[in-house]
Every structure is written in structure tokens, then in C-alpha cells.
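First comes the structure, then the notes that go with it.
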Amino acid sequence: MENHSPDEGKATQTDNEDEDDLKSVLTLQRHLLMEAKTLDSDIDFAFHLQMQEAFSASLSPHHPSSSLDVTLSPPSDMDFDYVTLMLQDIERFEMERKDREESEEEMRRFRNDLNRSIYDQNFARYIMNVPEQEWNNYGDNYERPYDGKVVEAQNEGFRVYVKGLVSEERIREMKVSVGGVGVAICDFWNNLVLELRKKLDGVEFMTGEMAGVEAVIHGLNAALSLDLKRVTLFVDDFLVYQFYQELHVVDMLPMAYNHLSGGISFMASSFFKFQITGRQQPGQSKLGTKVNEVSLLQKRFTYFQPSFAARNDMSFVFKLARDAIVSQITWPAETSNGKGLKETCMICFEDIDATQMFTVDDCFHRYCFSCMKQHVEVKLLNAMVASCPHEGCNTEVTIDSCGKFLDPKLVEIMSNRKKEASIAVSEKVYCAFPRCSALMSKSEVLQYTRTVMLVAEQSGARKCVKCHRFFCIYCKVPWHFDMTCIDYKRLNPHPAREDAMLNTLATKKQWRECIKCKHVIELAGGCYHITCRCGFEFCYTCGAEWRNKKPTCSCPIWDEPNIIHNRRRRQ
Numbered sequence: 001m002e003n004h005s006p007d008e009g010k011a012t013q014t015d016n017e018d019e020d021d022l023k024s025v026l027t028l029q030r031h032l033l034m035e036a037k038t039l040d041s042d043i044d045f046a047f048h049l050q051m052q053e054a055f056s057a058s059l060s061p062h063h064p065s066s067s068l069d070v071t072l073s074p075p076s077d078m079d080f081d082y083v084t085l086m087l088q089d090i091e092r093f094e095m096e097r098k099d100r101e102e103s104e105e106e107m108r109r110f111r112n113d114l115n116r117s118i119y120d121q122n123f124a125r126y127i128m129n130v131p132e133q134e135w136n137n138y139g140d141n142y143e144r145p146y147d148g149k150v151v152e153a154q155n156e157g158f159r160v161y162v163k164g165l166v167s168e169e170r171i172r173e174m175k176v177s178v179g180g181v182g183v184a185i186c187d188f189w190n191n192l193v194l195e196l197r198k199k200l201d202g203v204e205f206m207t208g209e210m211a212g213v214e215a216v217i218h219g220l221n222a223a224l225s226l227d228l229k230r231v232t233l234f235v236d237d238f239l240v241y242q243f244y245q246e247l248h249v250v251d252m253l254p255m256a257y258n259h260l261s262g263g264i265s266f267m268a269s270s271f272f273k274f275q276i277t278g279r280q281q282p283g284q285s286k287l288g289t290k291v292n293e294v295s296l297l298q299k300r301f302t303y304f305q306p307s308f309a310a311r312n313d314m315s316f317v318f319k320l321a322r323d324a325i326v327s328q329i330t331w332p333a334e335t336s337n338g339k340g341l342k343e344t345c346m347i348c349f350e351d352i353d354a355t356q357m358f359t360v361d362d363c364f365h366r367y368c369f370s371c372m373k374q375h376v377e378v379k380l381l382n383a384m385v386a387s388c389p390h391e392g393c394n395t396e397v398t399i400d401s402c403g404k405f406l407d408p409k410l411v412e413i414m415s416n417r418k419k420e421a422s423i424a425v426s427e428k429v430y431c432a433f434p435r436c437s438a439l440m441s442k443s444e445v446l447q448y449t450r451t452v453m454l455v456a457e458q459s460g461a462r463k464c465v466k467c468h469r470f471f472c473i474y475c476k477v478p479w480h481f482d483m484t485c486i487d488y489k490r491l492n493p494h495p496a497r498e499d500a501m502l503n504t505l506a507t508k509k510q511w512r513e514c515i516k517c518k519h520v521i522e523l524a525g526g527c528y529h530i531t532c533r534c535g536f537e538f539c540y541t542c543g544a545e546w547r548n549k550k551p552t553c554s555c556p557i558w559d560e561p562n563i564i565h566n567r568r569r570r571q
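Under the UniProt record's numbering, the residue at position 566 of the sequence shown is numbered 566, and the numbers go up by one with no gaps.
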């Protein structure tokens, strides 16, 4: 959206004159207050001296022995030093002014560095496009020094990523609501230019959408402070995106309305805008006021485009917002390593050293190592994938991060379980060597074997990705060199010792093998209609396949009286 706003030139000389006038006024005011304080002190001292002399003179005729060192002081609690208070205000104002000047000077240097960087990048791209012959002839004479007269940043497009968060945390014995904002500004090639994180005030009654709008305001103000004029705003909250997509579309409609209807009333215009765009509009509340503030900010850009981004693309700015929250719930304290920061775990409510707090990837919720260790171990014992313990958060706890607090063997179990869940049953392959038994997918092991054996697919040979030894995928034994699978089975008609023991145990326990995936199943109780994890349905008694929800065998178990008996047993 192109906004052709009027030129906003800065009167630098006038600003400098105003600053000098302000400094002069502050200096004069401080000088006058100091003189007034000195004069007041002298007058007060003279008054007390006169009162002391008068009091002594009135007592001397009646009490000759009374001392002349009698002092008379007014009650101290009746005095209030307004002059000192005013001087403190002036000192505080002077300090704030100096901080603001230093911040503005730092921002000016940052803008100059940014413009120089953009200029260098553009010149580098120009040189890259110079023809080879021209470069050979005139390359040594190419130069274009940066003079600083052109504001390069105003002609380039930038990306502004924003995220606002509101969270209920605990600081020792007290529950508090805290909020944070994360902003990242990147150039057109997504190189980071500026990042900032700030805390949000007054979040007790603030919603997530309100925090998102506050983040947009901080992001646009940061872009304006860098003199950026062309920005694309990225948010991951769909409601916030709808607010600004509405503003983006509505700003382009008034001319069309005037052209079509010859001018219509403001209320009717707003009604038709909503009907045409069909997007979410904020209510007449504080949220609506903030959205209108963003509308005013966006008009200061020559190009403004809101964009909805996926959560994965916003993880870095999400972390900035979480860091802003964490900075509000930690406090300095003495730790085992000296001075450090402490934080309250939301599970055990203990005050924990901040270095012993675990941060869940993607959602960045924080808990102590001890609580996370118990949480993940319980999930593993129940054959479940561990997720973030925060209420309503489904972020999966990554395997790599668990190495900070879990035993390496448990980390390996988690890795194997995740891999097993990601591979279809019909695609699973296990290494034939008992000491390895690594889990692989058929496509994975085939691709790995092809790097050393071109005829791997025809021969059946596979190379384990873990132990790097060869085995036969059909015979499920170490690779039989110079021998086909048929010859091997003819020479080895009896199963291996381990397989024979397994078959004996399966026969004794009356286990059944799925004829599709060869997975062994034990019936612990219930119906004899079995559905294997590969999806194959069969009769547990004889192994015959089920079709159209009916058995294809004639086992007595499927007679009508027995079916009724089985149903009652299941109940």
C-alpha cells in the first residue's frame, strides 16, 4: 500500500537552538533555587538566633542562674524542604534529558551505519553485474565513496517481526501477570538489523490480542526511529493480522466510494467497508484505541503491508518476548556460584537458580531440571511422547534438549521411540545383528546401501546405518555372500537358536503372528477380533483375515452363543 504522506523534514538547527534554550533555562532555574535555598537558610538561622536571644533576655531577671545557651527550635516535623524537592526534580529531569540525548545520538550513529551498509550492499551488487570484459579493463578505477547525503534506508524494503505475550507467572509466593514484547527488524534478505525486547505495563487485564497490538506499536516506532519508510509487518496472531489487513484494505477504499456514490456519510462508509472486506474489526474499547494508533503510525510509511507468518518463522522474536517476561520474574540472590539470579518454578514452587531452569523449545516455558526430569521419565514409562507441562501447551520436548537433565540411556530411548513412531509398520527394518538391532526404514537403509553396492535392491543386501555391517533384508540374517536367499534357506532349513526360542515361547503362550507385518501379538483379554498396528485385521484363533467386518474362517468362537459370551466378557 503506497501512502503518499507530506514530507516530514527535520529542522535540525531549530532543534539545537531549543536544546540550548532548555539547558539555559535549567541552569538558571537551578541557580535561582540554590540562591533561594541559601537565603532561606540564612533567614531561618537569623530568626532562630533572634528568638534565642529574646527568650534568654526574658528569663534572665527572674532566673539569674539560668544559662544563656537555651535554644529554641521549632518542631522538626513542621518543616518541609520544598526547595530541595524541586532541586531533586530538576536533577532527575536533567538526567533524563542527558539519557535521551545519548539515546538519540546512539540512534543517529546506528542509522548512519545502516545507511552505509545498505549503500555498500547495493554497490557490491552493481559490481557483481559488471561485464567481465569491462571489469578487466576498468575494474581498478571503480569507486563510489559514501557521502552520507542520501538516506538509503528510506528506499529499501524491510521486514518487521513482532510478538506480544502475556503470561501468568509466580514470583516466590505471589502469582503475577507479566507481559513482554519482542521486535526484530530485518532487511530484504532477512539479515537482522535490530532486535529489542521490552516489558509490558498494566497487563493484569490485557488479552493476547492486546499484547499483539502493543507489539505492533513498538515495532513500527522502532522502524520509524531508523527512518524506514517501506516495511512489511509480520505477525503470527490471526486476529491481530485481521485488524491490520482491515486497515490495509480500508485505506484504499475511500476514493472508490466517492467515485461510485458521489460521497457518502462516514458511518455508511464504515458500514460498507466492513461489508466489503468482511474481516475482523476491534470493538470500541482500549483495543480499538490501540488499533487506531497503529493506523496513524502506518500512514507515516510510504509502503506498509501486513503479513501473516507461521509460528516456526517467528520463533526468534517469540524468544525475545519470553526473555522480556523472564527478566521480570527473576531476582538477584546469593547462589552456590556467588551472586546470580533466581526464579520460581511453576511446578514445585521452589526458588531455583536461573541457570538450573529448563526452557522448552518453541514455546519457551521454563521449569526446573528436577521437575522436567520427573515429567519426561513418567511420559517415557507410559510409552508417551513428552510435551510441555504448561497447561494448554502441546509443544513437544525435543530429544536434544533433554540431554541437560536426563540419563543418556533415557535420551536414546526417547530417540528410538520417536523414530519408531515416525516409521510406518510396513517400512520398519531392524538390523539382523543382535548386538545392534538398530531400527531403520526400508528407504533409508536402501539409500545408504546404494552408496557402496549398486545392486542392493535386487540382491536384498542392506548395510546397517549404525553398525555398518551387511545383512539380508529377506532372510533377516547376516549377509550370505556368494549365496542367494533360496540357497541359504535350503542349507539352513531350521531357524536360528534365538528364533527357535521365540517360536517355542510364542507357541507356549499362544501368541499370534500377523501374516502381513510378522508382528507377534499376545491376547491379554477381550475380543478375538484383532487389529494389528499395521492395520491388518484377523482372527486370533486361526489367523484368518477379516473382511467387511466379518471373519472369513469357521472357528467355533464366532458362533452366535460364543459371540454373546465374548461380548459379556468384554463388558
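We put the beta carbon where it would ideally sit given N, CA and C, even for glycine.
Alpha-carbon spacing of residue i relative to residue j, whole angstroms
i           : j    : result
A500        : R469 : 24 Å
V160        : T330 : 29 Å
K296        : M414 : In the sequence as displayed, the identity of residue 296 is Leu instead of Lys. Approximately 51 Å between the Cα atoms of the pair.
I521        : E513 : 6 Å
S459        : F405 : 45 Å
P131        : R109 : 36 Å
S401        : V216 : 31 Å
S56         : T38  : 27 Å
H218        : D147 : 31 Å
L196        : R111 : 16 Å
K442        : V429 : 6 Å
L253        : Q154 : For L253, the pLDDT reaches just 48, beneath the cut-off of 50, and the residue's location in the model is therefore unreliable, leaving the point undetermined.
P389        : E377 : 13 Å
A386        : H375 : 8 Å
residue 603 : Q121 : Residue 603 lies beyond the stretch modelled for the chain, which goes from 1 to 571, so this question has no answer here.
residue 576 : P408 : There is simply no residue 576 to check, as the chain begins at 1 and stops at 571 in what is shown.
C186        : L381 : 44 Å
K299        : K229 : 10 Å
T395        : Q356 : 21 Å
A211        : T302 : 26 Å
V452        : F538 : 40 Å
R435        : T541 : 34 Å
E334        : G340 : 6 Å
L224        : F158 : 11 Å
M51         : T84  : 25 Å
Check whether residue i and residue j have beta carbons under 8 Å apart
i           : j    : result
F234        : M314 : yes
Q366        : V326 : Rather than Gln, the amino acid found at residue 366 in this sequence is Arg. The answer is yes: Cβ separation under 8 Å.
F471        : C431 : yes
E214        : G288 : no
R172        : D353 : no
A310        : K199 : no
R170        : F358 : no
A438        : C464 : yes
E209        : V178 : no
E91         : I118 : no
V166        : V203 : yes
residue 586 : F316 : Only positions 1 to 571 of the chain appear in this structure, which leaves residue 586 out of reach.
F243        : V291 : yes
I127        : Y138 : no
F308        : F238 : yes
residue 591 : V445 : Nothing about residue 591 can be reported from this structure: the residues present for the chain run from 1 to 571 only.
Q305        : T232 : yes
W511        : H529 : no
Per DSSP, cross-strand counterpart(s) of residue i
i    : result
S177 : E168
D353 : K342
L439 : Y430
I185 : V160, L194
H529 : C539
T398 : Paired residue(s): none; T398 is not in a bridge.
F358 : Y367
F234 : Y161, S307
C472 : A461, V477
L200 : G179
R512 : I521
Residues near residue i in its chain [Cβ-Cβ closer than 7 Å; skip 5 each side]
i    : result
K476 : A432
F364 : F318, K319, R322
M440 : V429, V465
Own chain, CB closer than 8 Å to residue i, minus 5 neighbours either side, in chain order
i    : result
Y488 : C472, C475, V477, H480
C485 : G460, C472, Y474, C475
D361 : T395, V397, T398, S401
Problem set entry | Unbroken stretches of the alpha helix (DSSP H), 4 residues or longer, contained in the segment 91 to 159 | 132 to 138
For this session: Only counting runs of 3 or more residues, tell me where the beta strand (DSSP E) segments fall wholly within the segment 295 to 344, in order along the chain.
Result: 303 to 308, 330 to 335, 338 to 344
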